[in-house]
């Protein structure tokens, strides 16, 4: 019977943030089609445990700024949200972008839970812990 050996170093490999997130200190959240203050609610959910500054007011963009565009669906349809991310000031040719991803609220799903589900799928510090759970970065560590 074959024996499978696993090197412990392989099992301890850490995930490195994609180049798009490397060096980000500010996320500029821009909302299209905001209705009934949904943009501010989304920003409040994104700020929970965020290791970077989340801005909703226009700020001067730098190479450390990541723009996240949130587009809300029409008011006469079920709540939907499309999120996309890019760097307004290019960092380098390898940075990439985050293609738009569309989320639709489930029947009876509360707005905060819907926003948590969408943000968990997009923001790297939330995505490794599952729905609504924020991953704490060690003190002094930044997204690089």
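In this note's numbering, the protein residues as written are 6 to 149. Glycine included, C-beta positions come from ideal geometry on N, C-alpha and C. None of these values were measured; they are calculated from a predicted model.
How far does the alpha helix (DSSP H) with residue 126 in it extend, from its first residue to its last?
116–127
query = Beta carbon of residue 68, beta carbon of residue 89: below 7 Å?
reply = no
Own chain, CB closer than 6 Å to residue 35, minus 5 neighbours either side, in chain order
74
- Item | Proximity of residue 113 and residue 77 at Cβ, strictly below 7 Å | no
First and last residue of the beta strand (DSSP E) that includes residue 81? Neither: residue 81 is in no beta strand (DSSP E) and is coded neither H nor E.
Q) Can you tell me the Cα-Cα spacing of residue 41 and residue 80, whole angstroms? A) 9 Å
Just how far apart, CA to CA, sit residue 62 and residue 48? 11 Å
Quick one: residues in its chain with C-beta nearer than 7 Å to the C-beta of residue 132, no 5 flanking neighbours on either side, listed in chain order? 125, 126
Going by DSSP, what residue range makes up the alpha helix (DSSP H) through residue 49? 43–52
Self-check item: residue 32 beta carbon less than 7 Å from that of residue 86
Solution: no
- Item | residue 37 (DSSP reduced to helix, strand or coil) | strand
Item to complete: Compute the Euclidean distance between the alpha carbons of residue 52 and residue 122, then round it to the nearest angstrom.
Response: 14 Å
Close beta carbons around residue 84, own chain, < 6 Å, minus the five adjacent residues each side: 110
Could you compute how far the alpha carbon of residue 107 sits from the alpha carbon of residue 54?
23 Å
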